[in-house]
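Take a look at the structure below.
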Amino acid sequence: MAVKAFKIVRRGSVPFDAFEPVDSRAMAVKNLAGIGGGSTVTYIESDARILVDTGFEFDSEMTDENVKLNRKLLTRDLKAIGLKPSDIDILFITHWHIDHFGNFKLFKDSTIMTSEAAVGKVKVRVAGVRDGERIADGVTAVHTPGHTADHASLVFRTDRLRQSVKAGAAGRIVGIGEVTVAAAGDAILTPSFYMGEQVWTQNRDFAGADVAKASVKKLTDQADYIIPGHGDMFRNVRKP
1403 MAVKAFKIVR RGSVPFDAFE PVDSRAMAVK NLAGIGGGST VTYIESDARI
1453 LVDTGFEFDS EMTDENVKLN RKLLTRDLKA IGLKPSDIDI LFITHWHIDH
1503 FGNFKLFKDS TIMTSEAAVG KVKVRVAGVR DGERIADGVT AVHTPGHTAD
1553 HASLVFRTDR LRQSVKAGAA GRIVGIGEVT VAAAGDAILT PSFYMGEQVW
1603 TQNRDFAGAD VAKASVKKLT DQADYIIPGH GDMFRNVRKP
């Protein structure tokens, strides 16, 4: 059995893309425009219902008001695809930056999984997963250190997919077939970082460019499509 369906629950944003210099004024402008820098959130449906990361906007503002707003937004986004937090069996956290895990308290009934390298470092009860460990049918954890030393991603294989396209009274079916998708987390930050063969180096716990680029290759060698840590899913044009 493989993955039956997957959805982008929330499309993440970034304060600076690959082609932009890091600049506090530009970040302030984007914040005023409503760009909060929260992560992409992905739902995967297999024999378990999996959520990859939780997102969290404006992670420098840990006020009660912002925490409540973030929980409200994620709950709303899940509802839009027919889910509520209690429906999620596994919450997979790619790494422990607030923009990726800040809403985790919504998922009291879920098993929280993360890289085994993070176990003992975080003050949350988690299940550590090994590199290459299958966490559900068609879904495999892949250790992808670099952005942080304990970063991990998910790679999943879908069932044969097809899309029904309606056009007035007529319609057509687009046959897609099976695809392999990487929910990369910040191993691949955005499509622009991927295209520029760059990695984000600005966080204090960055584990090094060489290991980060090796992790990118680990994903791009496998995936037909990539869901980055922030931004839109894209086709992996580098797959051998």
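The number in our numbering is simply the position in the sequence shown, starting from 1, with 1402 added. Backbone N, C-alpha and C define an ideal beta-carbon position, used for all residues, glycine too.
**Asked** Is it true that the CB of S1555 sits closer than 8 Å to the CB of A1586?
**Response** yes
**Prompt:** Which value, in whole angstroms, describes the spacing of the CA atoms of D1501 and L1591?
**Reply:** 12 Å
**Item:** Beta-carbon proximity list for Y1627, same chain, < 8 Å, skipping 5 on both sides
**Value:** V1581, T1582, V1583, A1584, M1635, F1636, R1637 and N1638
**Asked** Do you know offhand how far G1577's Cα is from L1563's?
**Response** About 7 Å.
**Item:** Residue burial classification, A1630 (beta-carbon count within 10 angstroms, cutoff 16)
**Value:** Looking at the sequence itself, residue 1630 is Pro, so the reference to Ala does not match. The residue in question, P1630, is buried, as its Cβ has 16 or more Cβ neighbours within 10 Å.
**Request:** Give the DSSP-derived three-state secondary structure of T1405 in the structure shown.
**Result:** Looking at the sequence shown, residue 1405 is not Thr but Val. In this structure, V1405 counts as strand in the three-state DSSP scheme.
**Request:** With distances taken Cα to Cα, identify the nearest neighbour of A1519 among S1512, K1525, K1510 and R1532.
**Result:** Cα-wise, what sits closest to A1519 is R1532.
**Message:** Measuring alpha carbon to alpha carbon, tell me which residue in A1609, F1558 and Q1604 is nearest D1449.
**Reply:** F1558
**Request:** Take Q1624 and list the residues in its own chain whose beta-carbon comes closer than 7 Å to its own, dropping the five residues that flank it on each side.
**Result:** For Q1624, where only same-chain residues beyond five positions count, the Cβ hits under 7 Å are V1557, T1582 and A1584.
**Prompt:** Under the three-state reduction of DSSP, which class applies to M1515: helix, strand or coil?
**Reply:** strand
**Between the CA atoms of Q1600 and A1611 - distance to the nearest angstrom** = 9 Å
**Prompt:** Could you check where the alpha helix (DSSP H) with P1593 kicks off and where it finishes?
**Reply:** P1593 to M1597
**Message:** Measuring only the C-alpha atoms, how far is D1607 from F1408?
**Reply:** 31 Å
**Asked** Around the C-beta of R1427, are 16 or more other C-beta atoms found within 10 angstroms, so that it is buried, or is it exposed?
**Response** R1427 should be labelled exposed.
**Asked** Between which two residues does the alpha helix (DSSP H) carrying A1589 extend?
**Response** Note, A1589: premise wrong, no alpha helix (DSSP H); not H, not E.
**Request:** Spell out the partners DSSP gives A1554 in its beta bridges.
**Result:** H1545
**Asked** At what residues does the beta strand (DSSP E) containing L1485 begin and finish?
**Response** Element bounds for L1485: n/a, residue is neither H nor E.
**Message:** Do G1414 and H1632 count as a contact pair if the criterion is CB distance below 8 Å?
**Reply:** In contact: H1632 and G1414 (Cβ atoms closer than 8 Å).
**Item:** Neighbourhood of I1490 by C-beta, 6 Å cutoff - its chain only, sequence neighbours within 5 removed
**Value:** R1451, L1453, F1509 and S1512
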